[in-house]
Structures are given as structure tokens and as C-alpha cells.
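Peer 1: Got a structure here, written out as C-alpha cells. Questions coming.
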Amino acid sequence: MNEEKEFVRMEIYPGYYGDESFSEIILVGEDMVLPIYVTRWQAESIMNGLEGNAPSRPMTHDIFIKAINLMGGSIKKVVIDELHGGVFMAKMYIEHYRNKKAEEIVMDARPSDCIALAAREGCPIYVAREVLMEAGKDKEGMGIKDF
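Taking my numbering, I'd label the letters of the sequence shown as residues 173 to 319.
Written out as C-alpha cells, the structure is:
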């Protein structure tokens, strides 16, 4: 993560809201929530990962995690670190070993993919405080009290 920025650890709210064309995934912190609009398919993939549901045939996020794990790597964290024109920017931090030495790979990725992969890998999700201050909402105002 960029050391100059302050980050807040967030959790995935176990549910999503939406209709046929879009859904809203909510990341929950201590006092704030971050709503992120995704497609219905992306929301279902995130919930499947969160609930540990395995489809009869692997989906794209399942294949990606398995490939990383089979190569001796793992996703250590995902970070939503910027907001440009209403679009969130995110990165995945992948650790793998080469010649018995740990190396970190940082990849640009869509927030929806990062969240779906974090749900499967069980890794932490961080949001830059400045992003949360710009796009976040009050937790209680969203009706989320105890989570």
C-alpha cells in the first residue's frame, strides 16, 4: 500500500441490493460504509465467495485464485486507493515465492474483482481514508448497526 495514505480496513456486508442491471455491494468499516455499484453477476460472485459456495463448474474468480495458489502464491490484501470521476481504482497485492524468496506483485484490478477474490482468499480489504471521506456514507444512516 502507498505509505503516504491512511487506510481503513473494511469488511464485505453479507448481502447486496439491486435489480436486473446493477447491484450495490457495501464495504463496512467502524463508522462508515462504502457502497460500490457492480453488475448483478459480480455481486453474485462476491456473495458466492463470501458464503463459500462452489458452483458445479469453476467460475472466473475461482480459477484465478486456484491458479495463484497452485503457483505457490496468495493474495495478501486488496486496496481501493483512488477515486477518479466516480470510478474506484483498486490494486491486488499478491505474494509468491521465487528461488525460495518471497516477492510481492502489485496488480491494477477492478474493485469488484478485488472484492470477489478477497472473499475467496479471506484476505483483508483496505480503503484509502480520502476515498472513504469522498464516497463513503454514515454506517447508521445506511441502517447498518451491528456488523
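Yeah, the Cβ is synthetic: ideal placement off N, Cα and C, and Gly gets one too.
Can you tell which of LEU222, PRO207, THR232, VAL251 has the C-alpha that lies nearest to the C-alpha of LYS263?
Peer 2: Checking every option, the nearest Cα to that of LYS263 belongs to VAL251.
Peer 1: Is DSSP giving LYS249 helix, strand or coil here?
Peer 2: Correct three-state label for LYS249: strand.
Peer 1: Quick one: what does DSSP say LYS311 is sitting in, helix, strand or coil?
Peer 2: It is coil, neither helix nor strand.
Peer 1: If you compare alpha carbons, which of ASP310, GLY313, LEU304 is closest to GLU178?
Peer 2: Out of ASP310, GLY313, LEU304, LEU304 has the C-alpha closest to the C-alpha of GLU178.
Peer 1: Could you check whether MET314 and VAL180 sit closer than 7 Å to each other, using their CB atoms as the reference points?
Peer 2: No.
Peer 1: Where does ARG270 fall in DSSP's three states?
Peer 2: Residue state, collapsed to three classes: strand.
Peer 1: Considering only residues of the same chain and omitting the five flanking positions on each side of ILE240, which have a CB-CB separation below 7 Å?
Peer 2: Here the set comprises SER246, ILE247, ILE266.
Peer 1: Just verifying my parser: in three-state terms, what is the DSSP assignment at HIS257?
Peer 2: In the sequence as presented, His is not what sits at residue 257; that position holds Gly. Coil at GLY257, not helix or strand.
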